[in-house]
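Following the working numbering, the numbering of the sequence shown begins with 560 at its first residue and continues without gaps.
Using N, Cα and C, we set each Cβ at its ideal position, and we do this for glycine too.
Read through the structure below, which is laid out as C-alpha cells, and then see the notes.
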Amino acid sequence: MDWIGLDLTFPITDPTWIFLLVLLIILFAPILLSKLRIPHIIGMILAGLTVGEHGFNILARDSSFELFGKVGLYYIMFLAGLEMNMGDFKETRNKALVLGLLAFIVPIGIGFVANISYLKYSVVTSVLLASMYASHTLVAYPIVTRFGISRHRSVSIAVGGTAVTDTLTLLVLAVIGGLFKGETGGFFWVWLVVKVIFLGGRIIYFFPRIGRWFFHRYNDNVMQFIFVLAMVFLGAGLMEFVGMEGILGAFLAGLVLNRLIPHVSPLMNHLEFVGNALFIPYFLIGVGMLINLRVIFGHGDALKVAAVMIVMALTGKWIACWLTQKIYKMSVLERNLMYGLSNAQAAATLAAVLVGYNIFLPNGERLLNDDVLNGTVLLILVTCIVSSLITERAARKVAMDDSETGKESSTATEKILISLANPNTIEDMMNLSLMIRDTKLKDNLLALNVINDNNTISDNLRMRSRHYLEKAAMTTTAANVSLKQLTRYDLNIASGIIHSVKENEVTSIITGLHRKVNITDSYFGILAENLLKGLNCEIIISKFLIPVNTIKRIVIAVPPKAEYEYGFPRWMEHFCRMGNTLGCRVHFFANEKTTARLQAWIKKRYKQVLTDFSLLEDWNDLLVLTGQVSYDHLLVIISARPGTLSYDSSFEKLPRQLGKYFSNNSLIVLYPNQSGEPLDSSFFSKLYTDTETQHYEKVGKWVYKWFKKS
C-alpha cells in the first residue's frame, strides 16, 4: 500500500516503523491484557505471534529481533544473578544444587523413556530431545521483581537451580554437537568441562576486582551503566568462545557484580528500567514470532510430538520441585513459586532444537525433524503461559504474606533526616540513607539544608541550598525513592536541625564528619556537640573515603551494656540492612556478654546476614582494631552520650584515637536513640530460650578463655 509516498507493504521493513510498532506493542499489550488478568509476559508472546510472519505478517523476525532478543535473554540471566540475596544464596546453595540436579535428572530420565518407547526415536535423538525438557529459562523472573520478592528464599533456589540445570543441558548439547563434528575423540568431555570451570573461575576472580576499581574512580551514572553492560557481554562472549551458551556467562557476571550494585542503588534502578522497558519485551516478542500454529495443528505427528514434549516438561519440573520441597520441608507456596520460575522453556530449548535441526544423519535425515521443531515452538508457548500464571499467583501471595509480616514486625515509624552542608559528601550520605532505611515504609527520607538567618541572606545562599537539595533528590529519584526537601532559615545550623527534627518527628540524623579548619577545632565539631546536647534521637556522623557500594566489610565496635540502650534495636536494624544490601560481612567486636546478646538478636531478626564476632575485652583497647580495618572496610563506633548506661570515661579519648589511627578509613560514629526507657532482660528473654541463654553464656566464656590464653 502506497499512501502519500509512504510504502506500507507487509512485512514492514522500514526501521522507524518497526521500532514504533514494537514500542506500541510494549506499551499497549500489558494495558489490554491486564483487564483480562493475563500476565504481561504472555501478552508480549501472544503479540509476537499476532504480528509475526505466522500471524498477520506485519513484522518479520529480522536481525533487530535477533540482536535485541539476545540482549534481552542475557539481561534476564544477568538480573537474576544481580538481584540474588548473597546471604540467602550461601544458605540455599545446597538446595539450589539439589533442585538443579533434580530438574535435570528427572525430566531427562522420564523424557528419554518416552522418546524411545512412544515416539520411537533413536538413542542420540532421544537424549537431545530429553535434554530440552530439562532446560528452562527465567521468562517469569520479571514478575517476581515487579512484586518485590526477588530476594525471597524460594526465588534464590530457583535461580541457582536454573544455573545448574542449564549448565548441564548445555554440556549435553555441546557433546552431541561435537559428536557429529568429529570432536568427541580423546578427552573432549574432560576438556570442555575444564574450559568452562577455568573460565568461570577467571570471571569470578577478575570481574569483581575490575568492577571495584572502576567504581572507585568513576561516579558518572552513564559510564557505570555502560561499564556494567560491557562486563555482561564480555562474560557471555567468553562463554560462547569456549563452546557454551552466553547465558551462563551473563548469569555469572550478575552474580559476581552483585555486591557492587546494591538493589536500592540508582544504578540498579537504571539497569532494571532499561531491561524491563525494552530488551526483555523485545526478547519475548521475538519468541512469540517463532510460533506457527498452522503447521502444528495441520500435521498430526507435530501435535503428537508437541503433546509428549509438553507433558514430559511440565511433569518432570513438578516432580523435581515436589522432591525439593519434601527434602527440605518447604511450604507449598514456595514449591509453587519454584515450579513457576523453573517451568518456562525458551533460550536453551531453542538452542538445542536449532542445533539438532541443523545436524544431518548419514541417511540424509535431520537429527531433530520438522515435527520436533514445530513441537518445540508450541512447548515454548504453553510452558511460558503456565509459568507466568503460576508465578504470578504465587508471587502475589508471597508479597501479601511478606507485607503482613512487615506490618506486624514494625515497632515504630522511621524517619531519617540527612543534613546537607558539603556538596562533596551529599551522594555518599544519600546512598547510606538508602541502604539503612526500611524499604517497607514510604516518605521516610528527609533532606535538610539550613541557611543562617542573619539579615544578609543573598540569592547565592538560596541557589546553593536549592542545588544541594536537588543533588540529593537526584540520587533518591534514580533509586525510585521519594525525598522530602527542606530549607530552613535559622540563627545557626544546629538550631535549624534541632527544630526540624522536632517538627517532623525524625528518628535518625545523618550528618557528615566536621572538617577541622584550625588546631583549636574539636574532632567532631561544634555542630555535633550541639546536636548531642539538644537531641535524644539517633545521630550518625559519617565519613566515606570510597563509594558506599564498594565497601567489603563493616566492622562494628560495641561498648559494654550497649544492648540495654533504648536505641539498640534501631542501629542493629540499620547495619544489618546495610550488610544484607551490600552482601558483605558484618564483624562485631564486643565483650562476651554483649556478644551473646548480639548473636541472639541477629539469629532472631536477621539470620541471613553474614556475621563474624570477635572479643573486645576492654573498650580502652580500641586500637586493636587498627589491624582489623582495611581501606575498603567501614569502621563503625557505637558511642554514647555522657550519663547513659553504656557511657564510659574512655569515650573522652575517642576523638583523638580516631583522628590519629583511623584517619585513612571510612568511618561512622553512631550515638543511639535515648528517647525511651532502657531495655531490660525481658527484651532479650523474647529472643531466646533459657537453654539458648546458657549456651551463649558458655560459648562466650569459652571464647574469652581462649583469647586470654592466646
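- Query: From Tyr1027, Leu687, Leu1020 and Leu1004, pick the residue whose C-alpha is nearest to that of Asn1063; which is it?
  - Reply: In the sequence shown, residue 1063 corresponds to position 504, counting from 1. If you compare the alpha carbons of Tyr1027, Leu687, Leu1020 and Leu1004 with that of Asn1063, the shortest gap goes to Leu1004.
- Item | Alpha-carbon to alpha-carbon, Val936 and Leu688 | Walking along the sequence shown from the start, residue 688 turns up at place 129. Walking along the sequence shown from the start, residue 936 turns up at place 377. Taking the straight line joining both Cα atoms gives about 13 Å.
- Query: How many Å lie between Ser1024 and Val1183 at the Cα?
  - Reply: Start at 1 with the first residue of the sequence shown, and residue 1024 comes out as number 465. Start at 1 with the first residue of the sequence shown, and residue 1183 comes out as number 624. Looking at the two C-alpha atoms, the distance is approximately 42 Å.
- Query: Candidates Lys876, Ser1189, Leu843 and Met798: which alpha carbon is nearest Ala809's?
  - Reply: Locating residue 809 in the sequence shown gives position 250, where the first residue counts as 1. Comparing Cα positions, the closest option is Met798.
- Closest Cα partner of Ala789 within the set Gln884, Tyr1027 and Gly813: The count along the sequence shown starts at 1 and reaches residue 789 at position 230. Closest by C-alpha distance to Ala789, out of Gln884, Tyr1027 and Gly813, is Gly813.
- Item | Candidates Thr942, Thr1034 and Gly720: closest to Gln904 by CA position | In the sequence shown, the residue the question calls residue 904 occupies position 345. It is Thr942 whose Cα lies nearest to the Cα of Gln904.
- Message: Quick check on Asn983: does DSSP put it in helix, strand or coil?
- Response: Taking the first residue of the sequence shown as position 1, residue 983 is located at position 424. Shown here, Asn983 sits in coil according to DSSP, grouped into three states, outside any helix or strand.
- Please report how far the alpha carbon of Lys1001 lies from the alpha carbon of Ala1038, in whole angstroms. For this step, residue 1001 is matched to residue 442 along the sequence shown. For this step, residue 1038 is matched to residue 479 along the sequence shown. Straight-line Cα distance between these residues: approximately 13 Å.
- Query: Between the C-alpha atoms of Phe1083 and Leu1229, what's the straight-line distance to the nearest angstrom?
  - Reply: Along the sequence shown, read from residue 1 onward, the residue named residue 1083 stands at position 524. Along the sequence shown, read from residue 1 onward, the residue named residue 1229 stands at position 670. Between Phe1083 and Leu1229, the C-alpha separation is close to 12 Å.
- Under three-state DSSP, which class holds Trp576? As a first step, residue 576 is located in the sequence shown; it is residue number 17 there, counting from the start. Helix at Trp576.
- Query: Which two residues bound the contiguous alpha helix (DSSP H) that contains Ser685?
  - Reply: Taking the sequence shown and counting its residues from 1, one reaches residue 685 at position 126. Ser685 -> alpha helix (DSSP H) spans Val682 to Ala693.
- Segment limits, beta strand (DSSP E) that includes Gln1233: Residue mapping note: residue 1233 aligns to position 674 of the sequence shown, counting from 1. Where Gln1233 is concerned, there is no enclosing beta strand (DSSP E), given that its DSSP letter is neither H nor E.
- Query: Taking C-beta to C-beta, are Ile1010 and Tyr1048 nearer than 8 Å?
  - Reply: Locating residue 1010 in the sequence shown gives position 451, where the first residue counts as 1. Locating residue 1048 in the sequence shown gives position 489, where the first residue counts as 1. Contact check for Ile1010 against Tyr1048 passes: the beta carbons are separated by less than 8 Å.
- Is Ser1222 near Leu1193, with beta carbons less than 8 Å apart? Here residue 1222 refers to the residue found at position 663 when the sequence shown is read from its first residue. Here residue 1193 refers to the residue found at position 634 when the sequence shown is read from its first residue. Not a contact, by the Cβ cut-off of 8 Å.
- Item | Cα-Cα separation, Ser901 to Val703 | Here residue 901 refers to the residue found at position 342 of the sequence shown. Here residue 703 refers to the residue found at position 144 of the sequence shown. Going from the Cα of Ser901 to the Cα of Val703 covers about 13 Å.
- Task: Would you tell me roughly how many angstroms separate the C-alpha atoms of Leu678 and Arg853, rounded to the nearest one?
- Result: One-based indexing of the sequence shown puts residue 678 at position 119. One-based indexing of the sequence shown puts residue 853 at position 294. Inter-residue distance for Leu678 and Arg853 is about 22 Å (C-alpha atoms, whole angstroms).
- Task: Name the residue from Gly845, Asn778, Glu893 and Gln1233 whose alpha carbon lies nearest to the alpha carbon of Lys956.
- Result: Translated into positions along the sequence shown, residue 956 becomes position 397. The residue with the shortest Cα to Cα distance from Lys956 is Glu893.
- Consult DSSP for Gln783 and reduce its assignment to one of helix, strand or coil. Within the sequence shown, the letter at position 224 stands for residue 783. Helix at Gln783.
- Message: Please state the DSSP three-state secondary structure of Thr1046.
- Response: On the sequence shown, position 487 is the one that residue 1046 refers to. Three-state DSSP puts Thr1046 in a strand.
- Message: My output table needs one value for Asn990: the three-state DSSP class, helix, strand or coil.
- Response: Residue 990 sits at position 431 when you count from the first residue of the sequence shown. Looking at Asn990 - three-state DSSP - the assignment turns out to be helix.
- Task: Give the straight-line distance between the Cα atoms of Leu591 and Gly602, rounded to the nearest whole angstrom.
- Result: As a first step, residue 591 must be located in the sequence shown, where it is residue number 32. As a first step, residue 602 must be located in the sequence shown, where it is residue number 43. Between Leu591 and Gly602, the C-alpha separation is close to 9 Å.
- Message: Using the Cβ count rule (16 or more neighbours within 10 Å means buried), how would you classify Phe757?
- Response: Mapped onto the sequence shown, residue 757 falls at position 198. A residue is called buried once 16 or more other Cβ atoms fall within 10 Å of its Cβ, and Phe757, having fewer, is exposed.
- Message: Taking DSSP's pairing of strands, which residues face Phe919 in a bridge?
- Response: Position 360 of the sequence shown holds residue 919. DSSP lists Arg925 as the bridge partner or partners of Phe919.
- Item | Contacting residues, own chain, Cβ-Cβ under 6 Å from Ile762 (five flanking each side not counted) | Along the sequence shown, read from residue 1 onward, the residue named residue 762 stands at position 203. If we look at Ile762 and ignore the five residues flanking it on each side, its Cβ neighbours are Gly794 and Leu811.
- Grouping DSSP H, G and I as helix and E and B as strand, with all else coil, what is Ile708? In the sequence shown, counting from the first residue as 1, residue 708 sits at position 149. Per DSSP, reduced to three states, the secondary structure at Ile708 is coil, with no helix or strand assignment.
- Once you ignore the five residues that flank Met1137 on each side, which residues in its own chain have a CB closer than 6 Å to its CB? Along the sequence shown, read from residue 1 onward, the residue named residue 1137 stands at position 578. Once the five neighbours on either side are set aside, the close Cβ partners of Met1137 are Met994 and Ile995.
- Candidates Leu1217, Lys1162 and Ser978: closest to Ala1087 by CA position: Locating residue 1087 in the sequence shown gives position 528, where the first residue counts as 1. Ser978 is the residue among Leu1217, Lys1162 and Ser978 whose C-alpha sits nearest the C-alpha of Ala1087.
- With a cut-off of 8 Å on the beta carbons, I'd call Ile667 and Ala699 a contact; round off their distance for me. Numbered from 1 along the sequence shown, position 108 holds the residue referred to as residue 667. Numbered from 1 along the sequence shown, position 140 holds the residue referred to as residue 699. Contact between Ile667 and Ala699 does not hold, since their C-beta atoms are separated by about 22 Å, which reaches or exceeds 8 Å.
- Is Ile675 helix, strand or coil when you go by DSSP? In the sequence shown, the residue the question calls residue 675 occupies position 116. Residue state, collapsed to three classes: helix.
- Which of helix, strand or coil DSSP assigns to Glu625: The residue given as residue 625 occupies position 66 in the sequence shown. When secondary structure is reduced to three states using DSSP, Glu625 falls in the helix class.
- Message: Mapping the DSSP letters down to three states, classify Gly802 as helix, strand or coil.
- Response: As a working note, residue 802 is residue 243 in the sequence shown. Gly802 falls in the coil class under three-state DSSP.
- Task: Go to Ala1053, then tell me how far its alpha helix (DSSP H) extends in each direction, as first and last residue.
- Result: Position 494 of the sequence shown, counting from 1, holds the residue named residue 1053. Where Ala1053 is concerned, the enclosing alpha helix (DSSP H) stretches over Ile1052 to Asn1063.
- Message: Once DSSP output is grouped into helix, strand and coil, what is the label at Phe615?
- Response: Against the sequence shown, residue 615 aligns to sequence position 56. Phe615: coil per DSSP, three-state reduction.
- Item | Same chain only: Cβ atoms within 7 Å of Ile944, ignoring 5 sequence neighbours per side | Along the sequence shown, read from residue 1 onward, the residue named residue 944 stands at position 385. Answer for Ile944: Ile601, listed in chain order.
- Item | One or two residues paired with Glu521 in a DSSP bridge | The requested residue 521 does not occur in the structure, where the chain is confined to residues 560 to 1269.
- Gly923 versus Ser681 - alpha carbon distance: The residue you call residue 923 lines up with position 364 of the sequence shown. The residue you call residue 681 lines up with position 122 of the sequence shown. Approximately 15 Å between the Cα atoms of the pair.
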